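Numbering (the numbering used here), first residue to last: 1 to 362.
Working notes, beginning with the structure itself.
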Amino acid sequence: MVPLLEMKGIVKRFGKVKALDGVSISLEKGEILSLCGENGSGKSTLMKVLCGIYPSGEFEGEILFQGKPLVAKGISDSETLGIAIIHQELTLVKELSVLENLFLGKEIETFGVLDFDKMHAESEKLLEKVKLNVSPETKVGDLGVGQQQLIEIAKALSKEAKLLVLDEPTAPLTESETEILLDLVQGLKNEGVSCIYISHKLNEVKAISDHICVIRDGCHIGTRAASSITTDDIITMMVGREMKQLFPREEHEIGDVVLLVENVSAWDKANRSVAKVKNANFALRKGEILGISGLVGAGRTELMECIYGCYQGKHQGDIYLDGEKLSINSSQDALHSGIAMVPEDRKRHGIVPIMGVGRTLR
1 MVPLLEMKGI VKRFGKVKAL DGVSISLEKG EILSLCGENG SGKSTLMKVL
51 CGIYPSGEFE GEILFQGKPL VAKGISDSET LGIAIIHQEL TLVKELSVLE
101 NLFLGKEIET FGVLDFDKMH AESEKLLEKV KLNVSPETKV GDLGVGQQQL
151 IEIAKALSKE AKLLVLDEPT APLTESETEI LLDLVQGLKN EGVSCIYISH
201 KLNEVKAISD HICVIRDGCH IGTRAASSIT TDDIITMMVG REMKQLFPRE
251 EHEIGDVVLL VENVSAWDKA NRSVAKVKNA NFALRKGEIL GISGLVGAGR
301 TELMECIYGC YQGKHQGDIY LDGEKLSINS SQDALHSGIA MVPEDRKRHG
351 IVPIMGVGRT LR
């Protein structure tokens with residue numbers, strides 16, 4: 001039986017740097033292949049070669065899809081064949097609705113007029129397929145990162161994808177959102193859709209994969225059946241040596257209280273009668289790591305935004321830093337006080353992409 005995908009001897013150079021050095025992989029119909037490797041090992045570069053982001057002529061080697069040579073001049077060529085890639089950085093247009101994102105560039109027309117009724121019906125089918133209960137008219141920017149990830153997959157399915165490439169899909173997701181995504185990928189496999197799955201979360205890789213391929217320094221180290229390889233084996237292949245202590249615990253002295261949060265409450269931005277956080281109290285000591293857990297919607301993000309001064313809804317409570325009561329009305333106030341925050345949506349709230357690195361850091 002002819003494999004769905006074969007990539008043979010792929011070499012990709014950036015100047016004098018060889019990012020990929022003769023990498024070969026193959027994939028059967030309905031198979032889930034996971035790519036593992038350290039940052040910079042070449043995983044994403046290999047997928048960009050596959051999808052036409054690096055077009056034919058810019059790399060060496062051969063790609064066969066359904067037994068035929070794949071010569072992609074751009075990503076639209078690979079999409080036409082049924083290859084869809086979902087990047088770690090989501091590509092949805094936040095100001096458009098779910099429906100508009102799903103059919104952007106391939107709108108349904110009847111007699112030359114946009115057929116919104118038909119697109120609405122098709123949107124509902126796609127959303128049902130990815131088990132996402134939102135209206136097609138909902139603005140994408142109003143949805144959480146996990147929901148947007150599912151919309152990206154629905155968009156890929158609308159193109160009748162035969163091969164789905166997922167690049168770090170669960171990196172921004174909660175545990176419950178991750179379970180939904182993994183169940184969805186497994187369901188697509190059962191329908192005959194193949195998947196290349198890139199992740200650093202080895203427990204996910206082991207749970208979902210048929211085969212696991214390890215790439216190190218641009219070279220193919222090996223491909224093994226998921227059932228025949230341990231997590232320690234994967235790590236050894238990734239780093240090139242045996243790792244005996246992944247997370248050694250270091251004993252250190254816990255100091256005095258640095259941050260004290262008292263009676264912090266926050267209300268829903270749209271409905272002030274609904275409390276998102278109710279009288280939260282905790283103390284954080286010097287040299288301590290404090291974990292805050294809870295289900296989606298429990299108020300974790302809202303609590304952190306209150307401390308950082310960027311929560312847009314009604315909120316109240318007292319915050320003390322080194323015993324001094326703070327008046328934080330903006331993120332700038334928090335920064336001046338010595339408090340920094342890494343937000344949930346890094347691209348949207350953590351950086352300014354149009355600014356240079358130096359200015360962004362300042």
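The C-beta atom is built at its ideal place from N, Cα and C for all residues, glycine as well.
All values derive from a computational prediction rather than experimental measurement.
Can you give me the C-alpha to C-alpha distance between residue i and residue j, rounded to a whole angstrom?
i	j	result
Ile-235	Val-261	40 Å
Glu-344	Ile-53	27 Å
Trp-267	Cys-306	11 Å
Arg-224	Glu-179	24 Å
Asp-167	Cys-36	11 Å
Lys-189	Glu-128	17 Å
Val-239	Gly-9	22 Å
Glu-250	Ile-289	13 Å
Tyr-308	Pro-69	53 Å
Leu-321	Ile-292	19 Å
Leu-20	Leu-126	36 Å
Glu-60	Leu-164	23 Å
Ala-270	Ile-328	22 Å
His-315	Val-134	28 Å
Gly-313	Arg-272	8 Å
Met-237	Gly-187	29 Å
Ile-83	Gln-149	17 Å
Val-437	Thr-231	Missing from the structure shown is residue 437; the chain here goes from 1 to 362 and no further.
Thr-301	Glu-191	36 Å
Met-304	Leu-326	15 Å
His-252	Ala-283	18 Å
Asn-281	Ser-56	58 Å
Gly-112	Ser-158	21 Å
Glu-204	Cys-195	14 Å
Ser-34	Pro-169	12 Å
Thr-138	Ser-330	29 Å
Considering Cα atoms alone, identify which of the options is closest to residue i.
i	options	result
Thr-91	Val-140, Asn-190, Ala-161	Val-140
Ser-227	Glu-242, Met-237, His-211	His-211
Gly-144	Met-355, Arg-362, Arg-348	Arg-348
Lys-73	Ile-153, Ile-86, Val-49, Met-304	Val-49
Glu-58	Lys-12, Asn-39, Gly-42, Cys-195	Lys-12
Lys-155	Val-165, Phe-103, Leu-163	Phe-103
Arg-346	Ala-171, Phe-65, Gly-105, Ile-32	Ala-171
Ile-151	Ser-34, Glu-100, Asn-281	Glu-100
Glu-160	Pro-169, Lys-206, Lys-106, Asn-133	Lys-106
Gly-297	Ile-351, Ser-176, His-252, Glu-324	Ser-176
Leu-27	Gly-15, Phe-65, Lys-16	Phe-65
Gln-332	Val-258, Glu-302, Tyr-311	Tyr-311
Asp-142	Pro-169, Leu-132, Val-113, Glu-95	Glu-95
Gln-88	Ser-44, Thr-138, Asn-203	Ser-44
Ser-265	Pro-248, Ile-319, Asp-233	Ile-319
Please say whether residue j and residue i have beta carbons closer to each other than 9 Å?
i	j	result
Ser-78	Pro-136	no
Ile-75	Leu-46	no
Gly-193	Gly-30	According to the sequence shown, residue 193 is Val rather than Gly. Yes, these two residues count as a Cβ contact at 9 Å.
Gly-379	Thr-174	It is not possible to answer for residue 379, since the shown part of the chain is limited to 1 through 362.
Glu-122	Ile-63	no
Pro-3	Gly-67	yes
Val-258	Arg-285	yes
Val-352	Arg-362	no
Asn-263	Gly-317	yes
Lys-162	Leu-81	yes
Val-357	Gly-350	no
Assuming residue i contacts residue j under a Cβ cut-off of 8 Å, what Cβ separation, rounded to an integer in Å, is found between them?
i	j	result
Ile-208	Ile-32	6 Å
Ile-86	Cys-51	Not really, about 10 Å apart at Cβ, beyond 8 Å.
Gly-299	Gly-255	The pair is not a contact, with the Cβ atoms about 28 Å apart (cut-off 8 Å).
Val-93	His-220	In fact, because the Cβ distance is near 36 Å, the residues do not count as touching under 8 Å.
Val-130	Ile-153	5 Å
Worksheet item: Do the segment 178 to 188 and the segment 212 to 220 touch if we need at least three Cβ pairs shorter than 8 Å?
Response: These segments do not touch.
Worksheet item: Within the chosen definition, does the segment 333 to 341 reach the segment 267 to 287 through at least 3 CB pairs nearer than 8 Å?
Response: The segment 333 to 341 is not in contact with the segment 267 to 287.
Worksheet item: Is the segment 113 to 127 touching the segment 188 to 206, taking contact as three or more C-beta pairs under 8 Å?
Response: Verdict: no, contact absent.
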